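S.K.:
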Amino acid sequence: MLSRRVFLVLTILFLTICTTYIALASPTRPPGELSITVNISSRTLVLLVNGRVWRTYPSAVGKSSTPTPVGEWAIIQKGTDWGGGFGTRWLGLNVPWGIYGIHGTNKPGSIGGATSAGCIRMHNRDVEELYRLVPIGTRVAVIGPFVKKNVSSLQRIGQSSQDVQQVQAALRGQGFDAGFLDGRFGATTAAAVKSLQALYGLTPTGRADHNVLLLLGLRR
2 MLSRRVFLVL TILFLTICTT YIALASPTRP PGELSITVNI SSRTLVLLVN
52 GRVWRTYPSA VGKSSTPTPV GEWAIIQKGT DWGGGFGTRW LGLNVPWGIY
102 GIHGTNKPGS IGGATSAGCI RMHNRDVEEL YRLVPIGTRV AVIGPFVKKN
152 VSSLQRIGQS SQDVQQVQAA LRGQGFDAGF LDGRFGATTA AAVKSLQALY
202 GLTPTGRADH NVLLLLGLRR
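What the sequence shown shows, in my numbering, is residues 2 to 221, in sequence order.
(1) In angstroms, rounded to a whole number, what distance separates the CA positions of T81 and V141?
(2) Report the three-state DSSP secondary structure of P109 (helix, strand or coil).
(3) Only counting runs of 3 or more residues, tell me where the beta strand (DSSP E) segments fall wholly within the stretch 94-154, in order along the chain.
(4) A24 by DSSP, collapsed to three states: which one?
(5) Within 10 Å of its beta-carbon, does A199 have 16 or more other beta-carbons around it, so buried, or fewer, so exposed?
(6) L35 lies in the beta strand (DSSP E); which residues open and close that run?
(7) Taking 9 Å as the cut-off, decide whether the C-beta atoms of I231 and A188 are in contact.
(8) Drop a sphere of 10 angstroms on the beta-carbon of I137, count the other beta-carbons inside from all chains shown, and report buried for 16 or more, exposed for fewer.
(9) Taking its Cβ as the centre, do 16 or more other Cβ atoms sit within 10 Å of V148, making it buried, or is it exposed?
(10) What residue does the alpha helix (DSSP H) around G72 start on, and which one ends it?
(11) Buried or exposed for G207, please, with buried defined as at least 16 other CB atoms from any protein chain shown within 10 angstroms of its CB.
(12) Is A24 buried or exposed, if buried means 16 or more other CB atoms sit within 10 Å of its CB?
(13) Can the beta-carbon of N40 be found less than 9 Å from the beta-carbon of W74?
(14) In or out: P70 buried (at least 16 other Cβ within 10 Å) or exposed?
(15) Using only CA atoms, which one of W98, T116, P146 lies nearest to T106?
(16) On the CB-based measure, 16 or more other CB atoms within 10 Å of its CB, does T17 come out buried or exposed?
(17) Give the secondary structure of R173 by DSSP, where H, G and I count as helix, E and B as strand, and everything else as coil.
(18) Nearest to G93 by CA position, among W55, R185, I77, V128, is which residue?
(19) Less than 9 Å between CB atoms is the rule here; does Q156 satisfy it with respect to chain C?
(20) Decide if G72 is buried, meaning its Cβ has at least 16 other Cβ atoms within 10 Å, or exposed.
(21) Whole angstroms are fine: how far does the CA of G174 sit from the CA of E129?
(22) Going by alpha carbons, who is nearest to P146 out of S65, R90, F186?
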């Protein structure tokens with residue numbers, strides 16, 4: 002029979018091992034500003050702390066027919082009950098032209114491919130960890146080829162669309178701060194348009210009209 006002292010030592014050792022395992026398996030949220038970068042080409046999702054890599058996870062991205070939207074988004078929704086093909090966790094993004102998010106999967110073999118309808122898939126164990134770490138409001142940059150397209154209509158404050166994102170990207174390309182590439186025409190984008198208009202001697206309305214679209218190379 003084990004002596005009381007030996008039993009106590011073994012108990013303490015067991016509890017120490019369990020505590021260490023739990024700490025390693027369930028990392029606590031690191032101090033600092035968290036952000037996420039999804040790389041379409043490498044099919045990776047990177048969690049950054051103060052701009053430095055903290056975790057890298059494999060992921061799946063959209064098919065060529067249903068691409069993951071390139072841009073600068075934010076997490077606006079967290080859920081645990083989507084189920085099925087969405088796996089065990091859901092992190093919704095503020096893409097204004099559809100429902101997109103980061104989620105788990107019931108097809109782990111798809112991770113690493115371009116296989117989704119536009120969302121970012123992760124292994125369930127990985128998305129569960131990410132879910133614990135990131136709060137609502139976390140910024141998510143999706144990096145990949147950005148296809149330039151013509152914009153045919155006036156864009157102004159209050160609008161949200163892929164056309165607005167085209168305007169934002171073109172403004173940034175010419176050195177103006179148009180804010181996040183999120184397809185939302187807010188005050189920062191309007192201020193950038195005014196700066197462009199003033200530079201070329203146009204009335205600074207803040208609206209991306211025919212002349213602005215021509216200057217940005219978004220209209221012929």
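Using N, Cα and C, we set each Cβ at its ideal position, and we do this for glycine too.
If you're wondering where the values come from, they're calculated on a predicted model, not measured in any experiment.
M.R.: So, to answer that:
(1) Near 20 Å, if we compare the C-alpha coordinates of V141 and T81.
(2) P109 carries a helical assignment under DSSP once its states are collapsed to helix, strand and coil.
(3) Correct list: 102-104, 115-117, 140-144.
(4) At A24 the pLDDT is 42, less than 50, meaning the model places this residue with poor confidence; the figure from the coordinates comes in the next sentence. Correct three-state label for A24: helix.
(5) A residue is called buried when at least 16 other Cβ atoms come within 10 angstroms of its Cβ; A199 does not meet this threshold and is exposed.
(6) Its beta strand (DSSP E) spans residues 35-40.
(7) The chain is shown from 2 up to 221; residue 231 falls before or after that span and cannot be answered.
(8) Here I137 is exposed: its Cβ has fewer than 16 other Cβ atoms, across all protein chains shown, within 10 Å.
(9) With fewer than 16 other Cβ atoms inside 10 Å of its own Cβ, V148 counts as exposed.
(10) Careful: G72 lies outside any alpha helix (DSSP H), inside the beta strand (DSSP E) at 72-80.
(11) The residue in question, G207, is buried, as its Cβ has 16 or more Cβ neighbours within 10 Å.
(12) Bear in mind that the predicted position of A24 carries a pLDDT of just 42, short of 50, making it unreliable; the figure below should be weighed with that in mind. Around the beta carbon of A24, fewer than 16 other beta carbons sit within 10 angstroms, so the residue counts as exposed.
(13) The Cβ atoms of N40 and W74 do not sit closer than 9 Å to each other.
(14) Under a 10 Å Cβ-count criterion, P70 is classified as buried, with 16 or more other Cβ atoms of the shown protein chains found around its own Cβ.
(15) Closest option to T106, Cα to Cα, is T116.
(16) Unreliable positioning characterises T17 in this predicted model, as indicated by a pLDDT of 46, which lies under 50. A coordinate reading is not provided.
(17) Here R173 sits in helix by DSSP.
(18) Answer by Cα proximity: I77.
(19) Any reference to chain C falls outside this structure, which holds one protein chain only.
(20) Buried: at least 16 other Cβ atoms inside 10 Å.
(21) About 37 Å.
(22) For the residues S65, R90, F186, the minimum Cα distance to P146 belongs to S65.
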